[in-house]
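*Asks:* At the far end of the sequence shown sits residue 1263, using my numbering, and the numbering has no gaps. Beta carbons are placed, not taken as given, at the ideal position from N, Cα and C, and that holds for glycine.
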Amino acid sequence: MGVGYLIGANNIFSPVASGPNTFQAGWDAAKKRLVDYGFAPALVAEVKNLSGSVQSVSGNNITIKIRPLEPLADPNLDERIVETDSNTKIYLLEQKNYATYKKELDAYSQKTASQVANLPKIAPLSTSSLIAPPEQFIKKTASVSDIKAGYTIDVAAATDIKNAKNFTAVEIEIQPALNQAPAPIIFPSAP
1073 MGVGYLIGAN
1083 NIFSPVASGP
1093 NTFQAGWDAA
1103 KKRLVDYGFA
1113 PALVAEVKNL
1123 SGSVQSVSGN
1133 NITIKIRPLE
1143 PLADPNLDER
1153 IVETDSNTKI
1163 YLLEQKNYAT
1173 YKKELDAYSQ
1183 KTASQVANLP
1193 KIAPLSTSSL
1203 IAPPEQFIKK
1213 TASVSDIKAG
1223 YTIDVAAATD
1233 IKNAKNFTAV
1243 EIEIQPALNQ
1253 APAPIIFPSA
1263 P
């Protein structure tokens, strides 16, 4: 049994007994209370995908910093080590040309409008009959050497990685927009 100290009116350092589960029980109750009152999203049961900012790359290991999965999550898990192996698929996402993407989007809109117009009034819409929207990015095969500190990556794993400090990725997508320097803003000169 541990012993703590409480500052009180009569005795400034009076010992307070605490059991091995007291802190954890209080911590869990605080998490539940935050969720119950809408101050936090429901606690996540399983995680197989993370997104984060690359801190460093060393060999086949990538250290990323993620946003906490829950407000009171273990701060030691804000930084993860993503391991890659010969089975890890790595892609660089490249933004499609706007004209090409717009053309695909227009075709998608026409197909879905036609599909909805031809549905029987009573039949439920099944997910197998839905048309997938066009992708905004083109996936290009990449390697660990294409990942640099400061890049943002999305990582997928085969198992639950909610509480894993280190894990092996099955797929990594390198995000394009955050990995490129922004174009300079040029203001017109006054006449």
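State the CB to CB distance for the pair Gly1124 and Lys1137, rounded to an integer number of angstroms; the pair is presumed to be in contact (CB under 8 Å).
*Replies:* Translated into the one-based positions of the sequence shown, residue 1124 becomes position 52. Translated into the one-based positions of the sequence shown, residue 1137 becomes position 65. About 5 Å; that satisfies the 8 Å criterion.
*Asks:* Between Pro1205 and Tyr1173, which are expected to be in contact by the criterion C-beta below 8 Å, what is the C-beta distance as a whole number of angstroms?
*Replies:* For this step, residue 1205 is matched to residue 133 along the sequence shown. For this step, residue 1173 is matched to residue 101 along the sequence shown. So it is not a contact: roughly 11 Å between Cβ atoms.
*Asks:* Distance, Cα to Cα, Ala1230 vs Ile1203?
*Replies:* Position 158 of the sequence shown holds residue 1230. Position 131 of the sequence shown holds residue 1203. For Ala1230 and Ile1203, the distance between alpha carbons rounds to 27 Å.
*Asks:* Looking at the structure shown, is Lys1175 part of a helix, part of a strand, or coil, going by DSSP?
*Replies:* Counting from 1 along the sequence shown, the entry for residue 1175 is found at position 103. Residue state, collapsed to three classes: helix.
*Asks:* Is it a yes or a no for the region 1177-1187 touching the region 1232-1242, going by three-plus beta-carbon pairs under 8 Å?
*Replies:* Too few Cβ pairs lie closer than 8 Å, so no.
*Asks:* What distance in whole Å lies between the Cβ atoms of Ile1162 and Ala1214, which are believed to be in contact at a cut-off of 8 Å?
*Replies:* For the purposes of this step, residue 1214 is taken as the residue at position 142 of the sequence shown. For the purposes of this step, residue 1162 is taken as the residue at position 90 of the sequence shown. Ala1214 to Ile1162, Cβ: 5 Å. Contact.
*Asks:* Would a C-beta distance cut-off of 8 Å place Glu1155 and Thr1224 closer than the cut-off?
*Replies:* Along the sequence shown, read from residue 1 onward, the residue named residue 1155 stands at position 83. Along the sequence shown, read from residue 1 onward, the residue named residue 1224 stands at position 152. For Glu1155 and Thr1224, no; Cβs fall outside 8 Å.
*Asks:* Please specify which runs of the beta strand (DSSP E), each continuous and at least 3 residues long, are wholly inside the region 1096-1150, giving them in chain order.
*Replies:* The qualifying runs are 1121-1130 and 1133-1138.
*Asks:* I'd like the span of the beta strand (DSSP E) that includes Tyr1163, first residue to last.
*Replies:* Here the question's residue 1163 lines up with position 91 in the sequence shown. Taken as a continuous stretch (DSSP letters only), the beta strand (DSSP E) holding Tyr1163 covers Lys1161 to Gln1167.
*Asks:* Go to Ala1214, then tell me how far its beta strand (DSSP E) extends in each direction, as first and last residue.
*Replies:* In the sequence shown, counting from the first residue as 1, residue 1214 sits at position 142. Counting along the chain, Ala1214 falls outside any beta strand (DSSP E), and DSSP gives it neither H nor E.
*Asks:* Let me check one thing: in DSSP terms, what residues is Glu1155 bridge-paired to?
*Replies:* Position 83 of the sequence shown, counted from the first residue, corresponds to residue 1155. Note: Glu1155 sits in a beta bridge opposite Asn1133 and Thr1240.
*Asks:* Here's the rule I'm using: 16 or more other beta-carbon atoms within 10 Å means buried, otherwise exposed. How should Asp1100 be labelled?
*Replies:* For the purposes of this step, residue 1100 is taken as the residue at position 28 of the sequence shown. Exposed, by the Cβ-count rule.
*Asks:* Report the three-state DSSP secondary structure of Thr1094 (helix, strand or coil).
*Replies:* The residue you call residue 1094 lines up with position 22 of the sequence shown. In this structure, Thr1094 counts as helix in the three-state DSSP scheme.
*Asks:* Give the range of the beta strand (DSSP E) segment to which Ile1225 is assigned.
*Replies:* On the sequence shown, position 153 is the one that residue 1225 refers to. Per DSSP, Ile1225 belongs to the beta strand (DSSP E) from Thr1224 to Ala1228.
*Asks:* Is the CB-CB distance between Thr1135 and Ile1244 below 8 Å?
*Replies:* What you label residue 1135 is simply residue 63 of the sequence shown in a count that begins at 1. What you label residue 1244 is simply residue 172 of the sequence shown in a count that begins at 1. No, the Cβ-Cβ distance between Thr1135 and Ile1244 is not below 8 Å.
*Asks:* Give me the DSSP bridge partner(s) of Glu1245.
*Replies:* Counted from its first residue, the sequence shown places residue 1245 at position 173. Paired residue(s): Tyr1163 and Asp1226.
*Asks:* So Asp1133 and Val1227 are supposed to be a Cβ contact under 8 Å. How far apart are they, rounded?
*Replies:* Along the sequence shown, one-based indexing puts residue 1133 at 61. Along the sequence shown, one-based indexing puts residue 1227 at 155. Residue identity differs from the one stated: residue 1133 is Asn in this sequence, not Asp. About 12 Å; that fails the 8 Å criterion.
*Asks:* Return yes when the Cβ of Leu1165 is within less than 8 Å of the Cβ of Lys1211, no when it is not.
*Replies:* Residue numbering aside, residue 1211 sits at position 139 when the sequence shown is read from its first letter. Residue numbering aside, residue 1165 sits at position 93 when the sequence shown is read from its first letter. Their beta carbons are under 8 Å apart, which means Lys1211 touches Leu1165 by this criterion.
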